[in-house]
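Report on the structure given below.
Number of protein chains: 2
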Amino acid sequence: MKAAYFENGKVHIGEQPDPVPGKGQALVRTHSCGLCASDVHFLHAGQNIIDLSRRLGGPYAALDFGRPFVPGHEFVGEVIDYGPGSRRAVAPGRKVTSVPIMRQDGAHAVIGYSHDCPGGFGELMLLDEEIMIEVPGDLDDDHAAMVEPLAVGLEHARRGRPTKDDAALVLGCGAIGLGVIAGLKLMGIAPIIAADFHAGRRELAIKAGAHIAVDPREISPHAPLPDFGNRVPNLIYECVGQKGMLQRIIEAAPFDGRIVMGGYCMDEEALFVFAAQNKRLNVQFAGGEEPQDMATALRAIADGSIDVTPWLGARVGLSGVEKTLAEMSGPLAPVRTVVDPRVL
Amino acid sequence: MKAAYFENGKVHIGEQPDPVPGKGQALVRTHSCGLCASDVHFLHAGQNIIDLSRRLGGPYAALDFGRPFVPGHEFVGEVIDYGPGSRRAVAPGRKVTSVPIMRQDGAHAVIGYSHDCPGGFGELMLLDEEIMIEVPGDLDDDHAAMVEPLAVGLEHARRGRPTKDDAALVLGCGAIGLGVIAGLKLMGIAPIIAADFHAGRRELAIKAGAHIAVDPREISPHAPLPDFGNRVPNLIYECVGQKGMLQRIIEAAPFDGRIVMGGYCMDEEALFVFAAQNKRLNVQFAGGEEPQDMATALRAIADGSIDVTPWLGARVGLSGVEKTLAEMSGPLAPVRTVVDPRVL
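Given below as structure tokens:
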């Protein structure tokens, strides 16, 4: 099959082996796949991520950075076939997406970060038939590809255990932060404050459901909120993923505050335990979507209660992957560019 | 009054000004006061603790390390008088203890770490009459002095939100860890695993209610528990307070594990966010007792449901404070030595 693959920290376009479905595996033809900041991260720092996974326990331990693998974990595709002995619950021709996880002998492979389970930057994928979910046939492919990144935000939102008494603050309005905002709105949480350096992202945050969006260089996002009875944000979602954020939030959070660490930061983070103890803070580490979040995200996108249209930028073929990855980290890039691997 | 006081990191015995009660303040004659590891900590590293409090927000910002102050925050004493205009709810002659907090113009002073509010290493103290609680007259003074350190452990235990489904692990069996164990037992949590390097402390842990006490150099305290259906400790209390504990626990904890950070560590702590995210861990920072914990601790000590007798070592006069502080950090020292400041 044709694919955009990573090898030794470089993007290549070319032939990769067609995956062969085993029992319980669907063979899927990819229609659309989002390009995610973690793909960029992995392209540059993949060896470090693999080493840390081996040392500390993580899902990338089995990956060999020097061997080709096909990334792409925000995908939608069409079922072509199944491995022998499969349940075949979704008929060939129907569309599916999935948590990018494949069960393997009691362990899990991450689809897109595995030599056995190519991701959505290739023409063909294998999905676990017990994990994948069917996508309505009339849902646009690119919208369907946003189910996974939205589900990550919904998981983070949910892990904060938000209640009607919380004033939520979302730091960073990339796909994850926007998904958190949309999730909080869906749960009826108010107020929701968003913070991002860039005006375009703040506009998207308001569209996603934030009541206020601030530039943290101009207004402290931790300040009391005059329009909301001078409440102070007490439930703080970290969706930036840069070193130093945790201690900065600890210093800014109010007594009894709760922090959800959503941003994926591979650097060692430093904090002062006693500063967090003085305020009795709680830190919930959020990791990524579970099947229930995929189901919620799919339903919300399909019924229009969450609109991901503003996330979507250009659509590229395989030959556009390298350039898009090089340019997408900037805040002026669209939230998501998608690749259609059927197109070169 | 006579007192053992700290000045510039040294212990002195001598005269200190008699405190004068204002409105809402009781003047109290100290009967007994526990010597705590934080006193030792403050004696050696007080300037650093004050600096960090000023930089990061903490209760010691107003203290001048170069000026005398009288420590001692685990006290019981007898009410002598009140400031003018006080409510005087507890009659003179009755015994009281208190969260070591004094309200001051909308802020709080920590009794024992304040130039205005001397602690229990002196003959006289001021207590906030709205915060102090009466101690039954027939309760032994030294047992009553243990209400505060026990209440710290009860607060930590409670902040972990333990349920019947949790298998609890308490790392470190000093006064705080023992208080956590006693609190968990009071709440009916099982199993409770205790870990400490020292046999004497492990014995105390079993007396306090732990089902198993292990030497972590011999048996991993995070291992499955054959006597409890191979459950793995999922609610982990850090009561050691040494640098590096948080990341070590993150690496050892199971998926969905909860960590309560009770140990008071002033060093910068490092952690890998992604390692905690992979397991969706939750970290609750615990800070110290609230009035409800003091009430619970007093009731439990008074009715015998928690027995602090094994905690108590020698009783010293003021002249014994310096030597006791020098020797108490070792695990072979009793959990608590108390000072009676009426005795030289």
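First to last, the protein sequences are chains A and B. Residue 499 in my numbering sits at position 104 of the first sequence, with consecutive numbering throughout. Residue 671 in my numbering sits at position 276 of the second sequence, with consecutive numbering throughout. The C-beta atom is built at its ideal place from N, Cα and C for all residues, glycine as well.
Check	Outcome
Chain A contact for residue 454/B (CB, 8 angstroms cutoff)	yes
Sequence ranges, beta strand (DSSP E) only - wholly within the region 541–603 of chain A, length at least 3	563–566, 587–590
Below-8 angstroms beta-carbon distance, residue 680/A vs any chain B residue	yes
Listed by chain order, chain A residues near residue 677/B by CB distance under 9 angstroms	554, 677, 678, 679, 680
is_contact[residue 451/A, chain B] using C-beta, thresh 8 angstroms	yes
Residues bridged to residue 617/B [DSSP beta-bridge criterion]	Per DSSP, none; premise fails for residue 617/B.
Spatial distance of residue 641/A from residue 663/B (CA atoms)	13 angstroms
Chain-ordered neighbours of residue 666/A on chain B, where CB pairs are closer than 9 angstroms	641, 663, 664, 665, 666
Endpoints, the alpha helix (DSSP H) within which residue 446/A is located	432–451
8 angstroms Cβ cut-off: residues of chain A touching residue 659/B	668, 669, 672
Buried versus exposed, by CB contacts within 10 Å (16 or more), residue 722/A	exposed
Inter-residue spacing [alpha-carbon to alpha-carbon] between residue 517/B and residue 710/B	15 angstroms
Chain A contact residues for residue 656/B, given Cβ-Cβ distances below 9 angstroms	668, 671, 672
Chain-ordered neighbours of residue 447/A on chain B, where CB pairs are closer than 9 angstroms	667, 669, 670
Residue-level contact to chain B via CB, residue 646/A, 8 angstroms cutoff	yes
N-terminal and C-terminal residue of the alpha helix (DSSP H) that residue 672/A is part of	668–673
From 523/B, 512/B, 541/B, residue whose alpha carbon lies closest to that of residue 413/B	512/B
C-beta atoms of residue 651/B and residue 629/B nearer than 8 angstroms	yes
Alpha carbon of residue 399/B to alpha carbon of residue 624/A, nearest angstrom	48 angstroms
Those residues which DSSP pairs with residue 638/A across a bridge	Its beta-bridge partners do not exist; DSSP assigns none.
Top-ranked residue by Cα proximity to residue 678/B, from 555/B, 728/B, 719/B, 605/B	555/B
Exposed unless 16 or more other CB atoms sit within 10 angstroms - verdict on residue 500/B	exposed
Residue 684/B and residue 525/B closer than 8 angstroms at C-beta	no
Coarse secondary structure for residue 735/A, derived from DSSP in three states	coil
Three-state secondary structure (DSSP) of residue 646/B	helix
Spatially closest choice to residue 637/B from 419/B, 410/B, 436/B, by CA coordinates	436/B
Burial state of residue 579/B, where buried means 16 or more other Cβ atoms lie within 10 Å	buried
Residues bridged to residue 696/A (per DSSP)	Per DSSP, none; premise fails for residue 696/A.
Cβ neighbour criterion (16 or more within 10 Å) applied to residue 439/B	exposed
Residue 547/A versus residue 446/B - alpha carbon distance	40 angstroms
Proximity test, Cβ basis, 8 angstroms: residue 705/B and chain D	Considering every chain present, this structure includes no chain D. Its protein chains are A and B.
Among 627/B, 581/B, 634/B, 618/B, nearest to residue 596/B - alpha-carbon criterion	634/B
Rounded C-alpha distance that separates residue 562/B from residue 701/B	21 angstroms
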